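Oh and the sequence shown: position 16 is 15 in numbering that gives the first Met the number 0, straight run, nothing missing. Just so it is clear, CB atoms sit at the ideal spot from N, CA and C, and this is done for glycine as well. Note that the structure is a prediction, hence the values are computed from the model and not measured.
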Amino acid sequence: MSKQTTFIVEGLCCSTEELHIRKKLGAMSSVEIRGINIVEKTVSVNHTCSTEHILNALNALGMSAKLQDDLLKPQSF
0 MSKQTTFIVE GLCCSTEELH IRKKLGAMSS VEIRGINIVE KTVSVNHTCS
50 TEHILNALNA LGMSAKLQDD LLKPQSF
């Protein structure tokens with residue numbers, strides 16, 4: 000069963016980076032790109048692999064990627 004996940008990608012600032020992401024994730028049979036938003040620096044995907052696998056692929060491109068959900072969690076002090 001596939002999951003839907005959105006990543007925040009700090010290194011995403013232009014169409015060149017978008018193309019690199021599309022090539023990298025497009026080569027992964029377990030990932031389907033739902034959308035890439037350069038302005039919001041987000042990449043949304045459907046996937047059957049682990050989110051860690053996708054994070055590793057994005058970070059291998061030299062982009063600082065994080066799960067959007069991790070940024071929305073309240074911080075405890």
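Task: C-beta contact flag for LEU60 and PHE6 at 8 Å - done: Position 61 of the sequence shown holds residue 60. Position 7 of the sequence shown holds residue 6. No, these two residues do not count as a Cβ contact at 8 Å.
Task: Other residues of its chain near SER63: CB distance less than 6 Å, five sequence neighbours each side excluded - done: Translated into the one-based positions of the sequence shown, residue 63 becomes position 64. Same-chain partners within the cutoff: GLU9 and GLY10.
Task: From LEU24, ALA26, ILE32 and ILE53, residue whose alpha carbon lies closest to that of ASN45 - done: Taking the first residue of the sequence shown as 1, we reach residue 45 at position 46. Out of LEU24, ALA26, ILE32 and ILE53, ILE32 has the C-alpha closest to the C-alpha of ASN45.
Open item on the list: DSSP three-state label for ALA56, please.
Closed with: Indexing the sequence shown from 1 puts residue 56 at position 57. Helix, per DSSP.
Open item on the list: By DSSP's criteria, THR3 is part of a beta bridge. Which residues make up the other side?
Closed with: Walking along the sequence shown from the start, residue 3 turns up at place 4. Inspection of the sequence shows that residue 3 is occupied by Gln rather than by Thr. Note: GLN3 sits in a beta bridge opposite ASN45.
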